[in-house]
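Participant: Have a look at this one.
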């Protein structure tokens with residue numbers, strides 16, 4: 012680009028808001044439902060229903076926020092004012108959700124969760140779109156998104172270390188559940204405004220012309236016509252189901268089945284640390300096998316490995332820690348592979364339609380994963396209520412066994428579905444190179460006809 016390549020330090024500042032946002036992601040799926048179902052006394056079925064409704068609300072607000080972000084720029088540009096506006100919304104809602112005072116009602120939780128998701132969507136959609144617009148170069152976009160994804164992955168271990176320190180040095184057995192949730196809330200409240208301030212004041216926006224806002228029909232048309240897109244979004248939905256079911260049951264399985272409640276932050280830290288460390292391995296595997304074959308291998312790996320948790324003895328932190336680390340080596344694989352494959356699908360669509368609609372495709376990918384996660388949390392908590400699980404009581408062995416079957420069964424089936432859906436995927440490396448050649452020839456023709464360099 013003629014405006015110059017952004018330096019690493021500017022991209023680090025751009026990526027900064029992803030750290031506190033990642034801190035929101037873990038408790039909402041792992042700690043928060045259990046906290047409200049148990050400590051706050053709302054019950055499993057009620058909390059499951061609330062989180063299902065709120066996540067589906069989040070699915071609806073994504074395209075709305077995309078529309079607003081595209082249509083209403085400011086003198087700052089298209090994205091940064093929306094990111095700044097999200098900060099007070101997130102700070103207030105994080106305080107109300109993560110630091111509640113008893114008693115709370117279902118309406119309190121639902122109302123503040125919806126408000127939290129509005130701020131979260133406002134920030135994340137604008138932040139991702141801003142990154143996609145920082146450069147037009149194909150490889151440079153990968154570098155920019157790499158900084159953002161790296162910050163998001165790093166945010167999880169950072170907040171888990173904080174939770175572990177609070178649990179070790181400040182908590183008592185009676186306050187540990189509340190202290191975990193409270194510490195995450197304070198982390199978001201303190202870090203978010205600092206990270207956003209440096210991001211929006213140091214990193215510029217590019218002056219580029221974007222396509223017009225699409226209608227609902229135009230948004231749904233690619234799903235109806237594009238077979239590779241349907242397969243990837245279906246696989247992403249299944250991955251969302253798997254991840255959310257594991258996350259929402261993790262605290263319960265560790266406490267009631269493995270009898271390792273005091274080690275919950277450590278076990279999560281091991282899981283996500285392995286995910287960070289093995290991202291380069293996943294990248295190499297994708298290059299060696301092809302991205303869709305790597306996705307098949309990843310789904311097969313998860314489907315086969317999750318049942319091994321039945322072998323973890325009560326109270327054995329060494330075996331549990333080793334199992335969580337081993338399971339975590341695949342933690343970042345699916346998101347990385349789907350997003351890389353989606354770029355290839357965008358190339359195919361551009362050849363067929365003459366339009367570059369990668370942003371639309373990525374929004375569909377976000378929608379399918381969130382929908383899968385929303386359904387999973389609701390179904391999992393309904394099932395727990397159905398089998399008689401008590402989040403604050405002494406559950407008999409037969410109920411704990413049912414908890415284990417749910418913990419293993421849903422992700423095992425979901426990951427087997429991923430492997431099935433991605434088997435024989437039609438776009439491999441050879442096909443992608445052919446598509447890039449066609450597109451590059453088109454770009455050269457456009458440049459020559461315009462008699463000017465690509466801006």
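In our numbering, the protein residues as written are 12 to 466.
Cβ atoms here follow ideal geometry from the backbone N, Cα and C, with glycine treated the same way.
1. For residue 149, I'd like the list of residues in its chain whose CB is within less than 8 Å of its CB, leaving aside the five on either flank, ordered along the chain.
2. Is the beta carbon of residue 8 sitting closer than 8 Å to the one on residue 349?
3. Opposite residue 88 in the DSSP bridges: which residues?
4. What span of residues does the alpha helix (DSSP H) with residue 412 cover, start to end?
5. Pick from 403, 443, 88 and 424: whose alpha carbon is nearest that of residue 53?
6. DSSP three-state label for residue 216, please.
7. When you compare only the Cα positions, how much space is there between residue 57 and residue 380?
8. Return the CA-CA distance between residue 55 and residue 282, expressed in angstroms with no decimal places.
9. Measure from the alpha carbon of residue 207 to the alpha carbon of each residue in 396, 447 and 21, then state which is nearest.
10. Residue 388 and residue 59 look like a contact to me (Cβ under 8 Å); what is the Cβ gap, rounded to whole Å?
11. The alpha helix (DSSP H) that contains residue 282, what's its start and end?
12. Could you tell me the boundaries of the alpha helix (DSSP H) in which residue 241 lies?
13. Have a look at 187, 352 and 259 and flag the residue whose alpha-carbon is nearest the alpha-carbon of residue 385.
14. Nearest to residue 35 by CA position, among 168, 303, 452 and 437, is which residue?
15. Less than 6 Å between C-beta atoms, sequence neighbours within five positions excluded: which residues of the same chain meet that for residue 399?
16. Among 362, 88 and 25, which one has its Cα closest to the Cα of residue 217?
17. Distance check for residue 397 and residue 416, CA to CA, integer angstroms please.
18. Tell me, please, whether the CB atom of residue 142 is closer than 8 Å to any CB atom in chain C?
19. Taking the beta carbon of residue 275 as the centre, do at least 16 other beta carbons fall within 10 Å, making it buried, or is it exposed?
20. Please name the residue in 127, 341, 345 and 302 whose C-alpha comes closest to that of residue 471.
21. Quick one: grab the DSSP three-state call for residue 18.
22. Roughly how many angstroms separate the alpha carbons of residue 265 and residue 271, rounded to a whole number?
23. What's the gap between the Cα of residue 165 and the Cα of residue 171?
24. Distance check for residue 244 and residue 238, CA to CA, integer angstroms please.
25. Can you find the residues in the same chain that come closer than 6 Å, C-beta to C-beta, to residue 427, ignoring five residues on each side of it along the sequence?
26. Between which residues of its own chain and residue 50 is the CB-CB distance below 7 Å, once the five residues before and five after are set aside?
27. Kindly indicate which residue of 316, 442 and 46 has the alpha-carbon position closest to the one of residue 195.
Facilitator: If we stick to the structure as given:
1. Numbered from its first residue, the chain shown carries residue 149 at position 138. Unreliable positioning characterises residue 149 in this predicted model, as indicated by a pLDDT of 49, which lies under 50. The coordinate reading is nonetheless provided below. The beta carbon of residue 149 lies closer than 8 Å to none in the same chain, with the five residues before and after it left out.
2. As displayed, the chain neither begins before 12 nor continues past 466, which places residue 8 out of reach and without an answer.
3. Within the chain shown, residue 88 is the residue found at index 77, counting from 1. Residue 88 pairs with 85.
4. Position 401 of the chain shown, counting from 1, holds the residue named residue 412. Boundaries of the alpha helix (DSSP H) harbouring residue 412: 408-433, taken from the DSSP string.
5. Taking the first residue of the chain shown as 1, we reach residue 53 at position 42. Closest option to residue 53, Cα to Cα, is 403.
6. Numbered from its first residue, the chain shown carries residue 216 at position 205. In the structure shown, residue 216 sits in coil (DSSP, three-state: anything other than H, G, I, E or B).
7. Position 46 of the chain shown holds residue 57. Position 369 of the chain shown holds residue 380. So the two alpha carbons sit approximately 23 Å from each other.
8. Mapped onto the chain shown, residue 55 falls at position 44. Mapped onto the chain shown, residue 282 falls at position 271. Their backbone Cα atoms lie some 25 Å apart in a straight line.
9. In the chain shown, counting from the first residue as 1, residue 207 sits at position 196. The residue with the shortest Cα to Cα distance from residue 207 is 21.
10. Stepping through the chain shown from its first residue, residue 388 is reached at position 377. Stepping through the chain shown from its first residue, residue 59 is reached at position 48. Their Cβ separation, rounded to whole angstroms, is 6 Å, which keeps residue 388 and residue 59 in contact under 8 Å.
11. Stepping through the chain shown from its first residue, residue 282 is reached at position 271. Per DSSP, residue 282 belongs to the alpha helix (DSSP H) from 275-288.
12. As a first step, residue 241 must be located in the chain shown, where it is residue number 230. Note, residue 241: alpha helix (DSSP H), 238-263.
13. Locating residue 385 in the chain shown gives position 374, counting from the first residue. Ranking the options by Cα distance to residue 385, first place goes to 259.
14. Taking the chain shown and counting its residues from 1, the one referred to as residue 35 is at position 24. It is 168.
15. For this step, residue 399 is matched to residue 388 along the chain shown. So the qualifying residues of the chain are 410.
16. As a working mapping, residue 217 is identified with position 206 in the chain shown. For the residues 362, 88 and 25, the minimum Cα distance to residue 217 belongs to 88.
17. Along the chain shown, one-based indexing puts residue 416 at 405. Along the chain shown, one-based indexing puts residue 397 at 386. Spanning the two alpha carbons is a distance of roughly 13 Å.
18. Any reference to chain C falls outside this structure, which holds one protein chain only.
19. Within the chain shown, the letter at position 264 stands for residue 275. Classification for residue 275: buried.
20. Not covered by the structure: residue 471. The range shown for the chain is 12 to 466.
21. Working through the chain shown from its first residue, we reach residue 18 at position 7. Coil, per DSSP.
22. Indexing the chain shown from 1 puts residue 265 at position 254. Indexing the chain shown from 1 puts residue 271 at position 260. Their Cα atoms are separated by approximately 5 Å.
23. Mapped onto the chain shown, residue 165 falls at position 154. Mapped onto the chain shown, residue 171 falls at position 160. The alpha-carbon atoms of residue 165 and residue 171 are separated by roughly 10 Å.
24. Here the question's residue 238 lines up with position 227 in the chain shown. Here the question's residue 244 lines up with position 233 in the chain shown. Roughly 10 Å between the two C-alpha positions.
25. Along the chain shown, one-based indexing puts residue 427 at 416. 314, listed in sequence order.
26. In the chain shown, counting from the first residue as 1, residue 50 sits at position 39. Closer than 7 Å at the Cβ level, and outside the excluded window around residue 50, lie 188 and 189.
27. The residue labelled residue 195 in the question sits at position 184 within the chain shown. Comparing Cα positions, the closest option is 46.
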